[in-house]
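J.: In my numbering, the protein residues as written are 13 to 158.
Every residue gets a Cβ at the ideal spot worked out from N, C-alpha and C, and that includes glycine.
Dropping the structure in here first, questions after.
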């Protein structure tokens, strides 16, 4: 099963929604991705989730998971509508809360076959995309920038 993770800024223009939907469709049809994971802390995460939910109507084999950077026992989050489940990466129990989101995102880059990223300025998103691009040069992940 091929997997894809999304990373992007908290603030994003709705103008990219159509492009995002096209890229999700491409990843399903051309790359064989059937498992998508998305966070829930910003506008891009919400847009990515909407794009995958829309694609699931056409491709019922596709699964969508919500990334949990904090232990579900400490911060329980019910599985949102349209999601197939939640995912808490192993080994996150010892990560300090202030670093949990960044570390969870990095773990998903390490575990995923594909990354769809929206990058416009400096910050943790840029750092993670640059890390993913270094992994891409090693043939470990494929990065799509919007």
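Mapping DSSP to helix, strand and coil, what is residue 40?
T.: helix
J.: Entirely within the region 72–135 and at least 4 residues each: give me those alpha helix (DSSP H) ranges in chain order.
T.: Complete alpha helix (DSSP H) runs here, min 4: 112–123.
J.: Decide if residue 57 is buried, meaning its Cβ has at least 16 other Cβ atoms within 10 Å, or exposed.
T.: With 16 or more neighbouring CB atoms inside 10 Å of its own CB, residue 57 falls in the buried class.
J.: Considering only the alpha carbon of each residue, which of 133, 126, 130 lies closest to residue 147?
T.: The candidate whose alpha carbon is nearest that of residue 147 is 126.
J.: By a C-beta neighbour count over all protein chains shown, 10 Å radius and 16 as the cutoff for buried, is residue 6 buried or exposed?
T.: Residue 6 is absent from the model: the chain starts at 13 and stops at 158.
J.: Return yes when the Cβ of residue 50 is within less than 8 angstroms of the Cβ of residue 18, no when it is not.
T.: yes
J.: As an exercise, report each continuous beta strand (DSSP E) stretch of at least 3 residues that is fully enclosed by the region 19–65, in chain order.
T.: 45–50
J.: Roughly how many angstroms lie between the CA atoms of residue 130 and residue 116, to the nearest whole one?
T.: 18 angstroms
J.: Quick one: residues in its chain with C-beta nearer than 6 angstroms to the C-beta of residue 61, no 5 flanking neighbours on either side, listed in chain order?
T.: 50
J.: With DSSP run on the structure shown, which of helix, strand or coil describes residue 158?
T.: coil
J.: Are the region 96–114 and the region 36–43 in contact at 8 angstroms, needing three or more beta carbon pairs?
T.: By the C-beta criterion, the region 96–114 is judged not to be in contact with the region 36–43, since fewer than 3 inter-stretch pairs fall below 8 angstroms.
J.: Give me the Cα-Cα distance between residue 150 and residue 156, rounded to the nearest whole angstrom.
T.: Residue 150 and residue 156 have their C-alpha atoms spaced approximately 16 angstroms apart.
J.: Less than 8 angstroms between the beta carbons of residue 82 and residue 112, yes or no?
T.: yes
J.: Can you tell me whether residue 53 is buried or exposed? The criterion is at least 16 other CB atoms within 10 Å of its CB, across all chains shown.
T.: exposed
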